[in-house]
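Notes for the one structure printed next.
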Amino acid sequence: MSKPIDFICVGAQKAGTTSLHDILKKHPNIYLPERKEAHFFDIDERFNKGLDWWMETFFQGDKINKKTGVFTPEYLYLKNVPERIENVLGNDLKIIIVLRQPVKRAYSHYLMSKRRGFETEDFKTALEKEPARLKEGTYYNNNHFSYIDRGLYYNQIKRYVDTFGKENVKVFLFEKDIIKNNDATLKTIQEFIDVPYKELESATKSNQASEPKLKWLRNIIFNKNNPVKKLLGYLPLSDDFKFKIASKINTINQKPAEAEKLTPQEISQLTNTCFLDDIEKVEQLLNIDLSLWK
Numbered sequence: 000m001s002k003p004i005d006f007i008c009v010g011a012q013k014a015g016t017t018s019l020h021d022i023l024k025k026h027p028n029i030y031l032p033e034r035k036e037a038h039f040f041d042i043d044e045r046f047n048k049g050l051d052w053w054m055e056t057f058f059q060g061d062k063i064n065k066k067t068g069v070f071t072p073e074y075l076y077l078k079n080v081p082e083r084i085e086n087v088l089g090n091d092l093k094i095i096i097v098l099r100q101p102v103k104r105a106y107s108h109y110l111m112s113k114r115r116g117f118e119t120e121d122f123k124t125a126l127e128k129e130p131a132r133l134k135e136g137t138y139y140n141n142n143h144f145s146y147i148d149r150g151l152y153y154n155q156i157k158r159y160v161d162t163f164g165k166e167n168v169k170v171f172l173f174e175k176d177i178i179k180n181n182d183a184t185l186k187t188i189q190e191f192i193d194v195p196y197k198e199l200e201s202a203t204k205s206n207q208a209s210e211p212k213l214k215w216l217r218n219i220i221f222n223k224n225n226p227v228k229k230l231l232g233y234l235p236l237s238d239d240f241k242f243k244i245a246s247k248i249n250t251i252n253q254k255p256a257e258a259e260k261l262t263p264q265e266i267s268q269l270t271n272t273c274f275l276d277d278i279e280k281v282e283q284l285l286n287i288d289l290s291l292w293k
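If you read the sequence shown in numbering that gives the first Met the number 0, its first letter stands for residue 0, the second for the next number, and so on.
So, in structure tokens, the structure goes:
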């Protein structure tokens with residue numbers, strides 16, 4: 000009997016996983032669900048419905064002679080997810096992790112939260128407020144305001160290495176492996192998940208900088224408390240269909256924006272203040288050189 004899932008890309012968030020997903024989806028021997036982030040192990044309401052519900056809801060395509068995978072960047076950050084994955088799927092599956100320079104990842108995360116209307120503070124204030132926000136322990140705050148915390152990679156990676164074994168965890172760097180050496184990375188991933196090598200188009204760049212044309216329309220899509228969103232929630236349509244419609248509307252509602260950037264001095268200062276110790280621990284854990292982040 001074949002395994003329901005062969006590999007999972009667990010993150011990190013804002014580290015190029017969407018582009019990687021879109022490229023790997025073109026491989027004839029890889030099956031990925033139409034919806035990239037088929038959340039299951041991180042959402043209690045869905046997890047309690049069981050594996051069969053998840054597979055029937057999100058994995059309906061042709062999986063014959065294909066390796067089945069899923070990309071959900073939320074999984075790297077949440078502490079209980081590795082154990083849940085092991086309990087449901089076992090520990091004989093491949094885990095893919097993509098890491099990004101933590102300050103740049105944090106700022107990209109901040110811009111996304113701001114663009115979607117979740118964040119109203121400037122970046123400095125948002126970082127100052129992060130500890131208090133995370134202390135509240137809500138899924139909403141953990142998802143949208145964990146700018147620094149998500150970039151403390153050591154414990155996150157170690158949970159997966161301890162659970163699935165170092166031989167089943169492959170870590171890539173956004174700057175070195177996704178941006179610069181994409182073709183070599185794609186070959187490594189294909190070998191790692193054991194599919195025949197295919198040369199894939201690697202020019203895909205997803206989630207480029209944008210901003211909403213109409214903020215009121217954005218609020219309907221992303222704000223759970225928006226009265227129009229609540230009203231639309233009562234329509235007799237499947238969650239998957241509603242998601243597809245919302246995604247399409249959100250895409251249409253975007254316009255290109257000049258990506259805001261931190262100065263090299265700001266990046267260096269935040270790296271030294273918030274992340275340097277953790278970066279050095281990751282270097283030791285994975286036996287890699289992360290000097291390009293320092």
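Positions of the beta carbon are idealized from the N, C-alpha and C atoms, including for glycine.
Residue i and residue j closer than 8 Å at C-beta
{"i": "residue 129", "j": "residue 147", "result": "yes"}
{"i": "residue 31", "j": "residue 69", "result": "yes"}
{"i": "residue 156", "j": "residue 96", "result": "yes"}
{"i": "residue 132", "j": "residue 140", "result": "yes"}
{"i": "residue 153", "j": "residue 284", "result": "yes"}
{"i": "residue 34", "j": "residue 57", "result": "yes"}
{"i": "residue 23", "j": "residue 188", "result": "yes"}
{"i": "residue 93", "j": "residue 169", "result": "yes"}
{"i": "residue 194", "j": "residue 63", "result": "no"}
{"i": "residue 15", "j": "residue 177", "result": "yes"}
{"i": "residue 74", "j": "residue 40", "result": "yes"}
{"i": "residue 27", "j": "residue 197", "result": "yes"}
{"i": "residue 78", "j": "residue 158", "result": "yes"}
{"i": "residue 98", "j": "residue 173", "result": "yes"}
{"i": "residue 17", "j": "residue 90", "result": "no"}
Rounded Cβ spacing between residue i and residue j (contact assumed at less than 8 Å)
{"i": "residue 5", "j": "residue 66", "result": "4 Å"}
{"i": "residue 292", "j": "residue 12", "result": "At roughly 17 Å, the Cβ-Cβ gap does not stay under 8 Å, so residue 292 and residue 12 are not in contact."}
{"i": "residue 282", "j": "residue 288", "result": "7 Å"}
{"i": "residue 200", "j": "residue 25", "result": "7 Å"}
Which residues DSSP lists as bridging residue i, in chain order
{"i": "residue 8", "result": "70, 95"}
{"i": "residue 171", "result": "97"}
{"i": "residue 29", "result": "66"}
Buried versus exposed call for residue i [16 or more other C-beta atoms within 10 Å across all chains shown]
{"i": "residue 36", "result": "buried"}
{"i": "residue 10", "result": "buried"}
{"i": "residue 272", "result": "exposed"}
{"i": "residue 71", "result": "buried"}
{"i": "residue 150", "result": "buried"}
{"i": "residue 52", "result": "exposed"}
{"i": "residue 290", "result": "exposed"}
{"i": "residue 109", "result": "buried"}
{"i": "residue 251", "result": "exposed"}
{"i": "residue 7", "result": "buried"}
{"i": "residue 0", "result": "With a pLDDT of 48 at residue 0, under the threshold of 50, the modelled position of this residue cannot be trusted; read the value that follows with caution. It counts as exposed."}
{"i": "residue 19", "result": "buried"}
{"i": "residue 50", "result": "exposed"}
CB contact below 8 Å: residue i versus chain B
{"i": "residue 66", "result": "Going by chain labels, chain B is absent from the structure shown, which holds only one protein chain."}
Worksheet item: Are there three or more Cβ pairs, one per stretch, closer than 8 Å when the stretch 255–274 is compared with the stretch 68–83?
Response: no
Discussion item. I want to know whether the stretch 179–198 touches the stretch 103–112 - three or more CB-CB distances under 8 Å.
Written reply: no
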